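Colleague: Below you'll find the structure I mean.
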Amino acid sequence: MARRRPAVSGMFYPSGRESLLREIESCFLHRLGPRSLPRRVKGDRRPSALISPHAGYMYSGPVAAHAYARLDGCNVEVAIVLGPNHYGVGTPVSIFPEGAWITPLGDIPIDTELAMELSRLSDVFSLDEISHEHEHSIEVQLPFLQYVVGSFRLVPICMLDQSIEAALRVGEALAEILKRREDVALIASSDMTHYEPHERASRKDSIALERISRLDVEGLYEAIFKHDISMCGYGPVAAVLHACRKVGAEQAEVLKYATSGDVAGDYSSVVGYAAVEIKLPNT
Numbered sequence: 001m002a003r004r005r006p007a008v009s010g011m012f013y014p015s016g017r018e019s020l021l022r023e024i025e026s027c028f029l030h031r032l033g034p035r036s037l038p039r040r041v042k043g044d045r046r047p048s049a050l051i052s053p054h055a056g057y058m059y060s061g062p063v064a065a066h067a068y069a070r071l072d073g074c075n076v077e078v079a080i081v082l083g084p085n086h087y088g089v090g091t092p093v094s095i096f097p098e099g100a101w102i103t104p105l106g107d108i109p110i111d112t113e114l115a116m117e118l119s120r121l122s123d124v125f126s127l128d129e130i131s132h133e134h135e136h137s138i139e140v141q142l143p144f145l146q147y148v149v150g151s152f153r154l155v156p157i158c159m160l161d162q163s164i165e166a167a168l169r170v171g172e173a174l175a176e177i178l179k180r181r182e183d184v185a186l187i188a189s190s191d192m193t194h195y196e197p198h199e200r201a202s203r204k205d206s207i208a209l210e211r212i213s214r215l216d217v218e219g220l221y222e223a224i225f226k227h228d229i230s231m232c233g234y235g236p237v238a239a240v241l242h243a244c245r246k247v248g249a250e251q252a253e254v255l256k257y258a259t260s261g262d263v264a265g266d267y268s269s270v271v272g273y274a275a276v277e278i279k280l281p282n283t
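Just so we're aligned: 72 in my numbering is position 72 of the sequence shown, and the numbers increase by one with no gaps anywhere.
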């Protein structure tokens with residue numbers, strides 16, 4: 001069984017268990033975060049779908065905490081986490097098929113049965129470990145999930161092909177899972193505009209987030225290309241939006257938006273971060 005070891009532990013987030021727990025809690029309590037800790041109890045509510053950023057915790061962690069706070073008290077047996085492929089290695093849309101992913105907070109088993117079910121639902125997926133070897137966009141979500149919901153199984157999906165055609169096909173398959181199960185947390189990993197002045201980045205990102213709030217996949221792609229919005233995980237976001245729309249969701253809520261400038265104080269060149277919740281039927 002494959003054991004996928006952390007690629008950015010000690011860089012994007014602390015490598016020690018106790019220091020990582022303190023860092024996550026500081027994100028929840030941060031002035032840009034929710035300013036309270038989750039109860040960390042498992043309930044019977046259906047989890048919402050989420051969009052969460054994936055930069056280093058000191059920059060994007062407080063924004064991510066807004067998203068993960070919405071899983072507190074939910075019944076999460078499986079997390080399907082979609083992220084972009086930043087490195088161009090591997091297959092167009094890759095599911096890590098079996099084994100476990102390791103974080104400083106413990107091992108997370110892959111839900112091989114669900115991974116195989118997705119691959120049967122659509123040939124857009126390939127079963128591949130190489131795409132995931134160095135990619136951080138999925139990895140940085142996992143300690144937050146472990147902290148809030150405890151134990152769960154994982155299906156990681158890495159998208160090198162972020163075309164609207166690929167995103168819609170991925171979304172169709174995810175929708176079939178959401179129709180059958182109410183214990184699945186669906187999470188898209190994406191940062192927003194990269195390395196532009198704060199005001200320009202915020203303006204561009206507000207356009208993208210308006211489309212996201214309406215679950216408007218086609219409008220999101222049009223906005224990205226028309227306004228040159230450099231959000232890196234638009235494919236995973238679009239796939240999640242489409243899946244949620246297919247199962248009856250009507251809108252998304254932007255929980256928090258901030259930029260790296262809000263943390264570091266340098267507004268000349270920033271990266272934007274957004275936390276978004278999409279409530280599903282019966283949530």
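C-beta atoms are modelled at their ideal positions from N, C-alpha and C, and glycine is treated no differently.
Because the structure is a prediction, the values reported are computed rather than measured.
Beta-carbon separation of LEU50 and ILE187 under 8 Å?
Modeller: Here the question's residue 50 lines up with position 50 in the sequence shown. Here the question's residue 187 lines up with position 187 in the sequence shown. Cβ atoms of LEU50 and ILE187: closer than 8 Å.
Colleague: Would you kindly check if the distance between the Cβ of ALA67 and the Cβ of ALA254 is under 8 Å?
Modeller: The residue labelled residue 254 in the question sits at position 254 within the sequence shown. The residue labelled residue 67 in the question sits at position 67 within the sequence shown. Note that residue 254 is Val in the sequence shown, not Ala. In this structure, ALA67 does not lie closer than 8 Å to VAL254 by Cβ.
Colleague: Could you check where the beta strand (DSSP E) with SER189 kicks off and where it finishes?
Modeller: In the sequence shown, residue 189 corresponds to position 189, counting from 1. Note, SER189: beta strand (DSSP E), 184-189.
Colleague: Does DSSP put VAL54 in a helix, a strand or coil?
Modeller: By one-based count along the sequence shown, residue 54 stands at place 54. It should be noted that the sequence gives His, not Val, for residue 54. Residue state, collapsed to three classes: coil.
Colleague: Would the segment 40-57 and the segment 177-191 be scored as touching if the rule is three or more Cβ pairs under 8 Å?
Modeller: Yes: the two stretches touch, three or more of their Cβ pairs being nearer than 8 Å.
Colleague: Count the other CB atoms, across all protein chains shown, that sit within 10 Å of the CB of PRO281; report buried if there are 16 or more and exposed otherwise.
Modeller: Your numbering for residue 281 matches position 281 in the sequence shown. The residue is exposed, with fewer than 16 neighbouring Cβ atoms inside 10 Å.
Colleague: Of the choices TRP101, ALA258 and TYR267, whose alpha-carbon is the least far from that of HIS30?
Modeller: In the sequence shown, the residue the question calls residue 30 occupies position 30. Closest by alpha carbon: ALA258.
Colleague: Taking the alpha carbon of ARG45 as the reference point, which residue from GLU176, ASN75 and ALA173 has its own alpha carbon closest?
Modeller: Here the question's residue 45 lines up with position 45 in the sequence shown. Cα-wise, what sits closest to ARG45 is ASN75.
Colleague: Taking the alpha carbon of LEU145 as the reference point, which residue from ALA249, GLY61, PRO197 and VAL170 has its own alpha carbon closest?
Modeller: Looking up residue 145 in the sequence shown gives position 145. When only C-alpha atoms are compared, the closest one is GLY61.
Colleague: Return yes when the Cβ of ALA274 is within less than 8 Å of the Cβ of VAL63, no when it is not.
Modeller: Against the sequence shown, residue 63 aligns to sequence position 63. Against the sequence shown, residue 274 aligns to sequence position 274. Yes, Cβ-Cβ distance for VAL63 and ALA274 is below 8 Å.
Colleague: With distance defined between alpha-carbon atoms, name the residue in ALA201, ARG200 and ALA223 nearest to GLU210.
Modeller: The residue labelled residue 210 in the question sits at position 210 within the sequence shown. Of the listed residues, the one whose Cα sits closest to GLU210 is ALA223.
Colleague: Could you compute how far the alpha carbon of PHE96 sits from the alpha carbon of VAL155?
Modeller: Within the sequence shown, numbered from 1, the residue matching residue 96 stands at position 96. Within the sequence shown, numbered from 1, the residue matching residue 155 stands at position 155. The straight-line gap from Cα to Cα measures roughly 7 Å.
Colleague: If the criterion is Cβ atoms closer than 8 Å, does the pair SER84 and SER137 meet it?
Modeller: Residue mapping note: residue 84 aligns to position 84 of the sequence shown, counting from 1. Residue mapping note: residue 137 aligns to position 137 of the sequence shown, counting from 1. It should be pointed out that residue 84 corresponds to Pro in this sequence rather than to Ser. Closer than 8 Å, so yes.
Colleague: For the segment 26-86, list the alpha helix (DSSP H) runs that are entirely contained and at least 4 residues long, ordered along the chain.
Modeller: Segments of the alpha helix (DSSP H) lying fully in the segment 26-86: 57-68.
Colleague: Measure from the alpha carbon of ILE130 to the alpha carbon of each residue in GLY88, PHE152 and ASP123, then state which is nearest.
Modeller: Looking up residue 130 in the sequence shown gives position 130. Measuring from the Cα of ILE130, the nearest candidate turns out to be GLY88.
Colleague: Grab the span of the beta strand (DSSP E) containing GLY106 for me, first residue to last.
Modeller: Your numbering for residue 106 matches position 106 in the sequence shown. Run containing GLY106: 106-109, per the beta strand (DSSP E) assignment.
Colleague: For SER94, count neighbouring Cβ atoms within 10 angstroms of its own Cβ and tell me buried if that reaches 16, exposed if not.
Modeller: What you label residue 94 is simply residue 94 of the sequence shown in a count that begins at 1. SER94 comes out buried.
Colleague: Once you ignore the five residues that flank ALA65 on each side, which residues in its own chain have a CB closer than 6 Å to its CB?
Modeller: Position 65 of the sequence shown, counting from 1, holds the residue named residue 65. Same-chain partners within the cutoff: CYS27, PHE28, GLY33 and PRO34.
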